[in-house]
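First residue of the sequence shown? That's 1 in full-length UniProt numbering, and the numbers climb one at a time after it. Glycine is no exception: its CB is placed at the ideal position from the N, C-alpha and C atoms.
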Amino acid sequence: MSDLRLGEFVGSLDCGTTSVRFIVFDQYANIIAQHQLEFPQYYPAPGWHEHDADEILQVSDECIAEVCRKLERDQWAKESIRIIGVTNQRETTVVWSRGTGRPLCKAIVWTDSRTKSIVAHFEKLLASTGIEFESGRLRKGVDGVEALREMTGLGLSTYFSAMKLRWMIDNNENVRKEYEADNLLFGTVESWIAYNLTGGANGGIHVSEVTNASRTLLMNIRTLQWDHHLLKFFGFRSSILPKLVSSSEVYGRIASGPLKSVRIGALIGDQQAALVGNKCFGQGEAKCTYGTGAFLLFCTGNDMVQSSHGLLSTVAYQPGPGAPPVYAVEGSIGVAGAAIKWYFRLRDSMGFIKSAEEINTLAASVADTGGVYFVPAFSGLLAPYWDPGAAGLLIGLSAYTTPGHIARATTEANAFQTRAILESMKLDSKVDLKHLKVDGGMTNGDFCMEVLADVGGFEVVRPEMRESTALGSALLAGAAIHLFGWNTSDPRTFARVNTRGSKTFLPRLSDERRKKNWLAWLQAVERSKGWEKTSDE
């Protein structure tokens with residue numbers, strides 16, 4: 001053990017939708033060691049998607065332990081990890097017992113759409129009663145929907161945590177009993193992970209970081225505080241809520257395991273982490289992460305921009321306690337990589353492809369989609385359409401259609417959804433995007449990136465090291481203790497981070513052909529809308 005080298009590294013625990021990974025970086029963003037494990041997905045009913053919070057915790061512990069073993073195999077002492085950050089799938093909702101520290105039911109995942117009737121109920125309540133303030137029900141000239149958007153940056157949707165929490169309390173007896181006994185704790189995934197890393201029921205911290213809290217419908221995006229008007233409107237008591245913290249500060253130390261006593265210095269939602277990891281610190285810089293879903297964030301600096309074209313206003317990050325927040329405008333795509341997985345399932349029954357890697361080859365085997373368009377609205381449509389009743393649609397099929405055409409339409413669907421968000425961002429910001437930084441698993445294939453550039457009509461820039469989500473939380477964690485001189489208030493301190501190069505994809509499609517395809521996509525989207533009606537009865 002005495003022969004092991006002692007370095008200076010920062011770790012990042014990345015708790016995604018389908019897997020957890022723990023990555024250790026050096027000061028240049030070189031990956032020193034990493035380990036990734038998937039965890040089970042539960043789909044108990046149509047439109048439902050659940051996780052077991054204990055299983056997320058278990059694979060997190062296993063990933064950390066395995067990375068520590070890999071470090072020592074490579075002659076690095078695990079004490080080289082000076083601090084860690086945590087980044088996580090957002091909106092996924094966890095409730096647990098204050099007394100035992102154990103989950104009271106399975107977590108409801110961000111993609112879950114079971115709360116459609118609850119959303120419809122609160123939509124009616126916003127229209128009829130609105131949000132009550134001490135000075136009156138609403139400010140003059142502002143209706144309930146607009147008041148909610150001004151306070152939170154969000155609209156009502158199955159996407160956000162408050163709807164999931166309301167469903168849990170109303171429909172799960174264990175949750176309801178603990179809530180009535182004031183023994184319920186609520187949090188998103190970073191809150192659950194931080195609680196357990198710091199000791200759980202034995203002294204664990206109950207905190208929520210502001211980028212995650214900004215996705216709950218319960219935090220005022222301007223004050224960065226839980227808002228008692230919103231709590232009253234949705235019917236929650238404040239005692240269930242975690243303490244709000246910034247994205248970069250030392251919250252506590254790991255209570256046990258191979259990294260015992262190592263500090264936790266960053267908590268941040270995964271998409272905001274990817275924005276930081278792509279070093280999009282400046283106003284007007286944008287990135288899109290393609291994973292299970294796809295998320296495009298456009299940095300607006302210290303100005304909170306209210307979208308009037310179907311996008312969300314969100315906190316990009318808060319660089320430290322009491323520091324002014326940095327904001328972003330966001331467009332969220334519910335189904336990106338999940339559409340590819342859906343196509344893989346056709347493989348088993350229809351023999352389209354034999355391995356996951358073949359979808360690019362199959363899609364590239366045809367010059368176009370043959371008039372086929374795929375709208376992957378498996379749980380409705382998110383930005384900029386916000387239609388929970390939309391249904392998945394494959395249209396334009398004919399006797400000419402081949403598996404290659406469907407594969408290409410599946411690939412193009414992600415590009416069309418990205419363009420729809422960028423069109424809205426252009427209307428909000430009055431700025432044409434010249435290039436888009438990308439990361440995530442779907443960006444590994446050149447063909448997907450070529451399609452994105454062609455459909456969008458802009459340059460696509462893909463960095464060589466694409467673990468941007470994990471890197472973002474690592475940068476914020478290191479900055480919390482000024483490791484390597486990193487400082488989120490001075491982007492120049494990250495100048496030597498992740499500079500190994502990138503690849504740029506240029507649009508090749510003619511403007512005429514691009515416009516024709518775009519109009520056909522818009523027509524397909526209109527056909528998919530409103531398939532399933534919602535009601536609060």
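Please state whether the Cβ-Cβ distance between residue i and residue j is less than 7 angstroms.
i	j	result
LEU104	ASN174	yes
VAL438	ARG462	yes
MET465	TYR290	no
SER528	VAL375	yes
GLY380	ALA390	yes
THR401	ALA273	no
PHE186	VAL95	yes
GLN75	LEU4	yes
LEU126	ALA77	no
THR488	ALA479	yes
THR111	ILE221	no
ILE205	TYR251	yes
SER307	ASP428	yes
ASN360	PRO324	no
LEU393	ALA29	no
Considering only residues of the same chain and omitting the five flanking positions on each side of residue i, which have a CB-CB separation below 6 angstroms?
i	result
VAL366	GLY404, HIS405 and ARG408
SER230	The amino acid at residue 230 is misidentified as Ser; the sequence shows Leu. Hits under 6 angstroms: LEU218.
ALA474	VAL10, SER12, PHE25 and GLY85
MET304	SER313 and TYR327
SER191	SER208 and PRO242
SER239	ASP182
ALA16	Note that residue 16 is Gly in the sequence shown, not Ala. Excluding residues within five positions, the ones whose Cβ falls inside 6 angstroms are GLN89.
GLN417	ILE333
Output needed for residue i: all residues of its chain with C-beta closer than 7 angstroms, excluding positions within five of it in sequence on either side, in chain order.
i	result
LEU382	TYR159, SER332, ILE333 and GLY334
GLU62	LEU37
LYS450	One detail in the question is off: residue 450 reads as Glu in this sequence, not Lys. If we look at GLU450 and ignore the five residues flanking it on each side, its Cβ neighbours are PHE505.
PRO384	HIS309, GLY310, LEU311, GLY331, ALA420, ILE421 and SER424
THR100	ALA201
ARG500	GLU464 and MET465
ASP387	GLY380, LEU381, LYS529 and GLY530
Measure how close the beta-carbons of residue i and residue j come, nearest whole angstrom, since I'm counting them as under 8 angstroms.
i	j	result
PHE298	VAL329	5 angstroms
TYR373	TRP531	The pair is not a contact, with the Cβ atoms about 16 angstroms apart (cut-off 8 angstroms).
SER157	THR188	At roughly 16 angstroms, the Cβ-Cβ gap does not stay under 8 angstroms, so SER157 and THR188 are not in contact.
CYS288	LEU165	Going by Cβ atoms, the distance from CYS288 to LEU165 rounds to 29 angstroms, so no, they are not a contact pair.
ILE56	GLU467	Actually they are not in contact, since the Cβ atoms of ILE56 and GLU467 sit about 19 angstroms apart, beyond 8 angstroms.
GLY257	ILE64	6 angstroms
Is the shortest distance between the beta-carbon of residue i and the beta-carbons of chain B less than 7 angstroms?
i	result
ALA120	Reference to chain B is not applicable here, since this structure consists of a single protein chain.
Residues in its own chain within less than 8 angstroms of residue i by CB, not counting five upstream and five downstream?
i	result
ALA45	ARG114
PRO491	LYS279, PHE281 and GLY282
GLU512	none
Where does residue i fall in DSSP's three states?
i	result
PRO463	strand
ILE333	strand
VAL455	helix
ASN212	helix
TYR42	strand
MET304	coil
ASN202	coil
CYS68	helix
ASP490	coil
THR93	strand
PRO403	helix
HIS229	helix
ASN220	strand
ALA485	The question names Ala, but residue 485 is Gly in the sequence shown. DSSP places GLY485 in helix when its eight states are reduced to three.
SER247	coil
HIS121	helix
GLN36	strand
SER502	strand
TRP76	strand
LEU381	strand
SER313	strand
ILE353	The predicted position of ILE353 is uncertain, since its pLDDT is 49 and thus under 50; a value taken from the coordinates is nonetheless stated next. ILE353 falls in the coil class under three-state DSSP.
ASP439	strand
Original post:
Can you find at least 3 beta carbon pairs, one from the stretch 188-206 and one from the stretch 286-306, that sit closer than 8 angstroms?
Top reply: no
Subject >> Cβ pair count under 8 angstroms reaching 3, the stretch 29-40 against the stretch 59-71 >> reply: yes
**OP:** Examine the Cβ distances between the stretch 316-329 and the stretch 236-248 and report whether three or more of them are shorter than 8 angstroms.
**Re:** yes
Original post:
Taking contact to mean at least 3 C-beta pairs separated by less than 8 angstroms, is the stretch 47-61 in contact with the stretch 220-235?
Top reply: no
**OP:** Evaluate contact between the stretch 484-497 and the stretch 443-457, counting only Cβ atoms and requiring at least three cross-stretch pairs below 8 angstroms.
**Re:** no
**OP:** Give a yes or no on contact between the stretch 261-277 and the stretch 80-100, applying the rule of three or more CB pairs nearer than 8 angstroms.
**Re:** yes
Original post:
Counting pairs of beta carbons, one from the stretch 148-167 and one from the stretch 200-217, are three or more of them closer than 8 angstroms?
Top reply: yes
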